[in-house]
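Q: I am attaching a structure below and will ask some questions about it afterwards.
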Amino acid sequence: MSRLKNFIRQFVIASVVVLVAGCGSAVTLEPVTIPRPLIDPIPATVGLRMPENFHHYVHEEEVLGSEEWSINLGAANAELFTQLYGHMFDRVVLLSDDDNPDEHDLDALIEPAIEAFEFSVPNQSKTKSFAVWIRYRITVYDNNGDVVADWPVSAYGKSQKESVSGPKALQRAAVLAMRDAAALMIMKLDQAAGISGLAADRRGETTPPDTETDTQLESEPEAQTSQLGATAGDEN
Amino acid sequence: MTRINWLHVSTILLVAGATSACVNSRVVDSRQASTGINEGEGIVVMAKSYHLGNETEEDYIQCVENSLSRGRAGLRVIPHRDFVDSLFPWFEPRTAPTETKHLPQLMEHPGVKELLAKEQIRYIVWLDGDTERVAGGGSLSCAAGPTGGGCFGFAWWQNDADYEASVWDLDELESAGTVTTDVSGTSFLPALVVPIPLIARTQSKACKALATTLRDFIDPLDDSA
Chain X
7 MSRLKNFIRQ FVIASVVVLV AGCGSAVTLE PVTIPRPLID PIPATVGLRM PENFHHYVHE
67 EEVLGSEEWS INLGAANAEL FTQLYGHMFD RVVLLSDDDN PDEHDLDALI EPAIEAFEFS
127 VPNQSKTKSF AVWIRYRITV YDNNGDVVAD WPVSAYGKSQ KESVSGPKAL QRAAVLAMRD
187 AAALMIMKLD QAAGISGLAA DRRGETTPPD TETDTQLESE PEAQTSQLGA TAGDEN
Chain V
669 MTRINWLHVS TILLVAGATS ACVNSRVVDS RQASTGINEG EGIVVMAKSY HLGNETEEDY
729 IQCVENSLSR GRAGLRVIPH RDFVDSLFPW FEPRTAPTET KHLPQLMEHP GVKELLAKEQ
789 IRYIVWLDGD TERVAGGGSL SCAAGPTGGG CFGFAWWQND ADYEASVWDL DELESAGTVT
849 TDVSGTSFLP ALVVPIPLIA RTQSKACKAL ATTLRDFIDP LDDSA
């Protein structure tokens, strides 16, 4: 009789475990590789200091009170920024928290951070797609340690469930969001932070006045952000 | 007394059903410039950006790619993901040109013109649209017991596949025209013990119809199809 009770107890526990496990999905991003961009590198030496969570970022969220999602970006952010800036600048020096930037003869120091990570699944958006939004903040310091730019980068990726499974589609959406961030930084980072100008000043070169760039410095990154926000809202 | 021949009944039901899972299609092309493709030249099939609200399915793009490259009259189709990677970041959803007037600016980026020339990419085909369920109804219930199980009822649904393909000529930096396809298909699921799905392959039909017309549009002089 006690054997039967034990069996029933174990059966119930196993069923509960299976049910709970069945309500969650875990996504782990494989190492992100961005293609070599077709651009001319900016002639500057920059320091890149990434926060600790760029090496092991995990986002957990309960969707509609029933599904639990865990998205492990791992070191994808660190890989993205290291590769991207390696392509974008003549020279990149990776710095840890303990390193002193003054010892590396830098034109600028860049400190990226993740401000927000959001996603939606087809049940929420009533579409066939998974979507991921990532908002980074890029802080750029000049050679004197003064902040020259504090720029929000809002990126968006979307992937459909049809051809791939749910976790794979979400993984793809996250990769596309990171590529979107990379594309935006390639297009706008120098306009927003004027890093090539800082480098030219330090070399004693004169930079031609660029009125178009000057006006965009203030307005364009924010305009991009709000435009992306509107897109994100539409998709939802 | 006539005996019911179940084999005959089933065959009649299947044939009737197959003919009733109907698909209506319409393909229209609109030409703005003359086209043609030389030996060795290739094309790329891409979805318009989802930043613009486009929902074209990845498997639909792959279907069009495969259909265009198949057969004796097949075109050289460069897989869209390889194309996007090789021209990173200029064909990302955020950065891809949305109108032909942006093409000269695109060609000014370092390496873009050279890569397109090296790969001999003559046309970009931009796909816009998707397949949606627009109507449905009926009811179907299934039950199982110790002696067996079965289903009873009838369900139906209608899918619409609307796609537009815009053809850009990268030699002339202009739009060559568009091909649109509008396919509507109704599927049925009657069940008398066993459900018999009579599925209308709406998206597949839209893919084949678009690819056939697109191939003739791009290479009108080729009559080997």
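Here the protein sequences line up with chains X and V, keeping their order.
Each step along the first sequence adds one to the number in our numbering, with nothing skipped, and position 184 is 190.
Each step along the second sequence adds one to the number in our numbering, with nothing skipped, and position 218 is 886.
All C-beta atoms in this analysis are idealised placements derived from N, C-alpha and C, irrespective of residue type, glycine included.
Please confirm whether residue 758/V has its beta-carbon closer than 9 angstroms to some beta-carbon of chain X.
A: Numbered from its first residue, the second sequence carries residue 758/V at position 90. For residue 758/V, the answer is yes, since a Cβ of chain X falls inside 9 angstroms of its Cβ.
Q: Using alpha carbons as the reference points, say which of 35/X, 209/X and 65/X lies closest to residue 149/X.
A: Here residue 149/X refers to the residue found at position 143 when the first sequence is read from its first residue. Among 35/X, 209/X and 65/X, the Cα nearest to that of residue 149/X belongs to 209/X.
Q: Tell me the DSSP secondary structure of residue 56/X in three-state form.
A: Here residue 56/X refers to the residue found at position 50 of the first sequence. Three-state result, residue 56/X: coil.
Q: Relative to the C-alpha of residue 87/X, which candidate in 134/X, 186/X, 135/X and 152/X has its C-alpha closest?
A: If you number the first sequence from 1, residue 87/X lands on position 81. Out of 134/X, 186/X, 135/X and 152/X, 186/X has the C-alpha closest to the C-alpha of residue 87/X.
Q: Suppose you measure from the CA of residue 859/V to the CA of residue 721/V; what does that come to, to the nearest Å?
A: Within the second sequence, residue 859/V is the residue found at index 191, counting from 1. Within the second sequence, residue 721/V is the residue found at index 53, counting from 1. Taking the straight line from one Cα to the other gives about 39 angstroms.
Q: Using 8 angstroms as the cut-off, can you tell me whether the stretch 118 to 136 of chain X makes contact with the stretch 65 to 81 of chain X, which would need three or more C-beta pairs spanning the two stretches below that distance?
A: In short, these stretches touch, since the Cβ pair count reaches three.
Q: Which whole-angstrom value is the C-beta distance of residue 155/X and residue 199/X, which I expect to be below 8 angstroms?
A: Here residue 155/X refers to the residue found at position 149 of the first sequence. Here residue 199/X refers to the residue found at position 193 of the first sequence. 4 angstroms between Cβ atoms; contact.
Q: Given that residue 791/V touches chain X, what residues does it touch there, using C-beta distances under 9 angstroms?
A: Along the second sequence, read from residue 1 onward, the residue named residue 791/V stands at position 123. Within chain X, no residue comes near residue 791/V; the closest Cβ sits about 20 angstroms away, beyond 9 angstroms.
Q: Alpha carbon to alpha carbon, what distance is there between residue 176/X and residue 165/X?
A: Mapped onto the first sequence, residue 165/X falls at position 159. Mapped onto the first sequence, residue 176/X falls at position 170. When rounded, the distance between both Cα atoms is 7 angstroms.
Q: Based on the DSSP output, what are the partners of residue 852/V in its beta bridges?
A: Working through the second sequence from its first residue, we reach residue 852/V at position 184. Note: residue 852/V sits in a beta bridge opposite 692/V and 828/V.
Q: At a Cβ threshold of 9 angstroms, is residue 4/X touching chain V?
A: One cannot answer for residue 4/X here, as it falls past the ends of chain X, which runs 7 to 242.
Q: In this structure, what does DSSP give as the bridge partners for residue 166/X?
A: By one-based count along the first sequence, residue 166/X stands at place 160. In the DSSP output, where bridge partners are listed per residue, residue 166/X has 135/X.
Q: Check whether the Cβ of residue 189/X lies closer than 9 angstroms to any Cβ atom in chain V.
A: In the first sequence, residue 189/X corresponds to position 183, counting from 1. Yes, contact with chain V.
Q: Residue ranges of each alpha helix (DSSP H) run of no fewer than 4 residues wholly in the stretch 76 to 164 of chain X, ordered along the chain?
A: Here the runs fully enclosed are 82 to 94 and 128 to 131.
Q: Where residue 696/V and residue 188/X are concerned, what is the direct C-alpha to C-alpha distance, given to the nearest angstrom?
A: Taking the first residue of the second sequence as position 1, residue 696/V is located at position 28. Taking the first residue of the first sequence as position 1, residue 188/X is located at position 182. About 39 angstroms.
Q: Going by beta carbon distance, what residues of the same chain come within less than 8 angstroms of residue 872/V, once the five residues before and after it are set aside?
A: The sequence position of residue 872/V within the second sequence is 204, counting from 1. For residue 872/V, where only same-chain residues beyond five positions count, the Cβ hits under 8 angstroms are 731.
Q: Quick one: list the residues of chain C neighbouring residue 753/V, beta-carbon separation under 7 angstroms, in chain order.
A: Absence of chain C from the displayed structure is noted, the protein chains being X and V.
Q: Note the first and the last residue of the continuous beta strand (DSSP E) segment covering residue 808/V.
A: For the purposes of this step, residue 808/V is taken as residue 140 along the second sequence, with counting starting at 1. Start and end: 789 to 813.
Q: Between the C-alpha atoms of residue 207/X and residue 43/X, what's the straight-line distance to the nearest angstrom?
A: Locating residue 207/X in the first sequence gives position 201, counting from the first residue. Locating residue 43/X in the first sequence gives position 37, counting from the first residue. When rounded, the distance between both Cα atoms is 26 angstroms.
Q: May I ask which residues mark the beginning and end of the beta strand (DSSP E) holding residue 711/V?
A: Here residue 711/V refers to the residue found at position 43 when the second sequence is read from its first residue. Taken as a continuous stretch (DSSP letters only), the beta strand (DSSP E) holding residue 711/V covers 710 to 715.
Q: How would you call residue 766/V, buried or exposed, if buried means at least 16 neighbouring beta carbons within 10 angstroms?
A: Sequence index remark: in the second sequence, residue 766/V carries index 98 (1-based). Exposed: under 16 other Cβ atoms inside 10 Å.
Q: Report yes if the CB atom of residue 107/X is closer than 9 angstroms to the CB atom of residue 100/X, and no otherwise.
A: On the first sequence, residue 107/X is found 101 positions in, with the first residue counted as 1. On the first sequence, residue 100/X is found 94 positions in, with the first residue counted as 1. Taking 9 angstroms as the Cβ cut-off, residue 107/X and residue 100/X do not qualify as a contacting pair.
Q: Report yes if the CB atom of residue 710/V is closer than 9 angstroms to the CB atom of residue 788/V, and no otherwise.
A: For the purposes of this step, residue 710/V is identified with residue 42 of the second sequence, where counting begins at 1. For the purposes of this step, residue 788/V is identified with residue 120 of the second sequence, where counting begins at 1. Taking 9 angstroms as the Cβ cut-off, residue 710/V and residue 788/V qualify as a contacting pair.
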